[in-house]
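Notes to accompany the following structure.
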Amino acid sequence: GQQVMQIPQYQHVQEGEDFTTYCNSSTTLSNIQWYKQRPGGHPVFLIQLVKSGEVKKQKRLTFQFGEAKKNSSLHITATQTTDVGTYFCAGQHSGGSNYKLTFGKGTLLTVNP
Amino acid sequence: EPEVTQTPSHQVTQMGQEVILRCVPISNHLYFYWYRQILGQKVEFLVSFYNNEISEKSEIFDDQFSVERPDGSNFTLKIRSTKLEDSAMYFCASKSGRALIDTQYFGPGTRLTVL
Numbered sequence: 001g002q003q004v005m006q007i008p009q010y011q012h013v014q015e016g017e018d019f020t021t022y023c024n025s026s027t028t029l030s031n032i033q034w035y036k037q038r039p040g041g042h043p044v045f046l047i048q049l050v051k052s053g054e055v056k057k058q059k060r061l062t063f064q065f066g067e068a069k070k071n072s073s074l075h076i077t078a079t080q081t082t083d084v085g086t087y088f089c090a091g092q093h094s095g096g097s098n099y100k101l102t103f104g105k106g107t108l109l110t111v112n113p
Numbered sequence: 114e115p116e117v118t119q120t121p122s123h124q125v126t127q128m129g130q131e132v133i134l135r136c137v138p139i140s141n142h143l144y145f146y147w148y149r150q151i152l153g154q155k156v157e158f159l160v161s162f163y164n165n166e167i168s169e170k171s172e173i174f175d176d177q178f179s180v181e182r183p184d185g186s187n188f189t190l191k192i193r194s195t196k197l198e199d200s201a202m203y204f205c206a207s208k209s210g211r212a213l214i215d216t217q218y219f220g221p222g223t224r225l226t227v228l
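Here the protein sequences come in this chain order: A and B.
Be aware that the first sequence starts at 1, since it is given in the numbering used here, and climbs by one per residue.
Be aware that the second sequence starts at 114, since it is given in the numbering used here, and climbs by one per residue.
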């Protein structure tokens, strides 16, 4: 079946350090979405990447979509304590018409002040 | 800003009992979803619903599960005979019918505890 692998599972950083999480799909994606989930909260949409090789920035967050549309990354520059949470990638696979999301396992980011 | 709402926020039930989880999607959305998240694990797709019928379901969504859109606003997930392993956070999500707008908006979730 369609799978999205995400690494690392956990990342602990000192405030001010950078952070990156990576996603890889077993099949080509039509688009990939990134969500943030705070502890005890629900997934909150961050961004969607659609085009091959696309790069999008949101302040300190940089999102990339691979040329083959099978992998993606999220990079946070100079982490802050407010960045704490689990970051999930979620892919929509090509050929699907129901827009269902296949989530990665997520990366739990903790930031030491 | 419009948002997806879910009730109840927490449901405790005995094994074998039926539960109904309720969702009110964003009003002009056309695609509806249920996902679940077992504690500490990833979010898993259960079912998608469009045009008043199930469009896709996962292997998790067996005969014990059903969904319904009984009126123009509510979207429900019923579990007929709950099992211990059904304990999880259940998220409803909805999506606009507009082409190329793929964002799914998630509700706050219902925490289901089966004893």
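In this text, a Cβ means the ideal position worked out from N, Cα and C, and glycines have one as well.
**Report entry** Contact set between A:Gln14 and chain B, taken where Cβ atoms lie within less than 8 Å
**Finding:** Within 8 Å Cβ-Cβ: nothing; A:Gln14 doesn't reach chain B, min ~24 Å.
Query raised in the report: Nearest to B:Arg149 by alpha carbon, out of A:Ile32, A:Arg38 and A:His42?
Result: A:His42
Query raised in the report: Under a Cβ-count criterion, where at least 16 other Cβ atoms within 10 Å of its own Cβ denotes burial, should B:Gly129 be classed as buried or exposed?
Result: exposed
Query raised in the report: Which residues in the same chain have their Cβ closer than 7 Å to the Cβ of A:Arg60, if we skip the five residues on either side of it in sequence?
Result: Ile76, Thr77 and Ala78
Query - Runs of beta strand (DSSP E) wholly within the region 168-219 of chain B (minimum 3 residues, chain order) - result: 178-181, 188-192, 201-209 and 217-219
Report task. On a CA-only basis, which of A:Ile7, A:Ser73, A:His12 and A:Leu46 is nearest A:Ser52? Give me that one, please. Result -> A:Ser73
Requested in this report: Using a Cβ cut-off of 8 Å, pull out every chain D residue sitting near A:Lys105, in sequence order please.
Outcome: Checking the listed chains, one finds no chain D in this structure; the protein chains it contains are A and B.
**Report entry** Through-space distance from A:Asn24 to B:Thr195, alpha-carbon basis
**Finding:** 34 Å
**Report entry** 3-residue-minimum beta strand (DSSP E) runs that sit fully inside the region 31-113 of chain A, ordered along the chain
**Finding:** 44-49, 55-58, 61-65, 71-76, 85-93 and 107-112
Report task. Can you tell me which of B:Thr226, B:Leu228 and B:Phe219 puts its alpha carbon nearest to the alpha carbon of B:Thr118? Result -> B:Phe219
Requested in this report: Compare the C-beta of B:Phe188 against all C-beta atoms of chain A and say whether one is closer than 7 Å.
Outcome: no
Query - Minimum Cβ-Cβ distance from A:His42 to chain B less than 7 Å - result: yes
Query raised in the report: Do we get a CB-CB distance below 7 Å when we pair B:Tyr208 with the residues of chain A?
Result: What sits at residue 208 of chain B in the sequence shown is Lys, not Tyr. Yes - at least one Cβ of chain A is within 7 Å of the one on B:Lys208.
Query - A:Tyr10, buried or exposed, once every other Cβ within 10 Å from all chains shown has been counted against 16 - result: exposed
Query raised in the report: From this set, B:Thr120, B:Glu157 and B:Val125, which residue's C-alpha is nearest B:Tyr146's C-alpha?
Result: B:Glu157
Report task. Compare the C-alpha of A:Gln14 against each of A:Gln6, A:Asp83 and A:Ile7 and name the closest. Result -> A:Asp83
**Report entry** CB contact below 7 Å: A:Phe45 versus chain B
**Finding:** yes
Query - Neighbour list for B:Thr216 in chain A, Cβ cutoff strictly below 8 Å - result: Gln33, Phe45 and Gln48
Report task. Under 8 Å Cβ to Cβ from A:Gln33, same chain only, skipping five residues before and after it: list those, please. Result -> Phe45, Leu46, Ile47, Gln48, Leu49, Cys89, Ala90, Gly91, Gln92 and Leu101
Query - Integer Cβ distance of A:Thr107 from A:Pro39, believed to fall under 8 Å - result: With 8 Å as the limit, A:Thr107 and A:Pro39 do not qualify as a contact, their Cβ atoms being about 14 Å apart.
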